[in-house]
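To start, the structure itself, in structure tokens.
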Amino acid sequence: MMSGNEIFHEYRRCSQGGIMTFLERNNGMLPREYEYLLSWIRSVLHGTTAEELPGELSFEKIYETAMAHDVGNLTFYAVEQLNRPPEPELYKRWRVCRDLALVRDMNQEFARQELTAGFAEAGIPYLELQGT
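Counting in our numbering, the sequence shown runs from 15 upward without gaps.
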């Protein structure tokens with residue numbers, strides 16, 4: 015089981031990955047890992063089954079790419095569908111990233127509800143806007 019400190023560092027890693035674009039790294043060519051990552055994202059968004067990872071690609075590389083582009087939590091939904099998942103430690107790190115995103119989203123929703131209820135009760139007009 016991961017300690018609280020390990021979970022915190024994994025959360026920071028999930029939410030603050032350094033980004034180096036595929037254009038900088040591959041002379042304008044989309045690397046195979048990016049193509050595969052995009053196919054997983056597409057499968058999650060469309061509710062279809064994710065493709066199994068080809069043998070020449072690394073789960074670790076896909077994970078690092080997903081973290082760098084802040085889509086680790088989204089891609090876990092594809093990972094958990096796979097018949098041949100990554101090794102257990104990497105799978106757990108990926109799941110923690112997804113779980114932390116769920117907790118963050120629930121906390122934000124509860125805070126939003128509290129704020130809007132407080133504004134309504136006080137008769138304060140408000141307009142909800144989406145932020146980052």
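Using N, Cα and C, we set each Cβ at its ideal position, and we do this for glycine too.
Values in this document were obtained by computation on a predicted structure and should not be read as measured data.
Here the segment 74-87 lies against the segment 107-114, with 3 or more beta-carbon pairs under 8 Å apart.
Shown here, T79 sits in a helix according to DSSP, grouped into three states. Going by DSSP, Y91 is part of the alpha helix (DSSP H) stretching over G86 to V93. L67 sits close to L96, with the two beta carbons spaced by under 9 Å. Pairing V93 with Y105 gives a Cβ-Cβ distance under 9 Å.
Annotated as distal: E74 and Y50, with beta-carbon spacing of 9 Å or more.
One thing to note: W108 has its Cβ within 9 Å of the Cβ of Y77.
Per DSSP, R98 lies in no alpha helix (DSSP H) and is assigned neither H nor E.
The closest CA to that of M81, considering only H60, G137 and E47, is found on E47. Note on T79: 16 or more other CB atoms within 10 angstroms of its CB, so buried under the neighbour-count rule. Rounded to the nearest whole angstrom, the C-alpha separation of T130 and L59 is 30 Å. Boundaries for S72: no alpha helix (DSSP H) harbours it, and the DSSP string shows neither H nor E there. E142 and D119 have their alpha carbons spaced roughly 16 Å apart.
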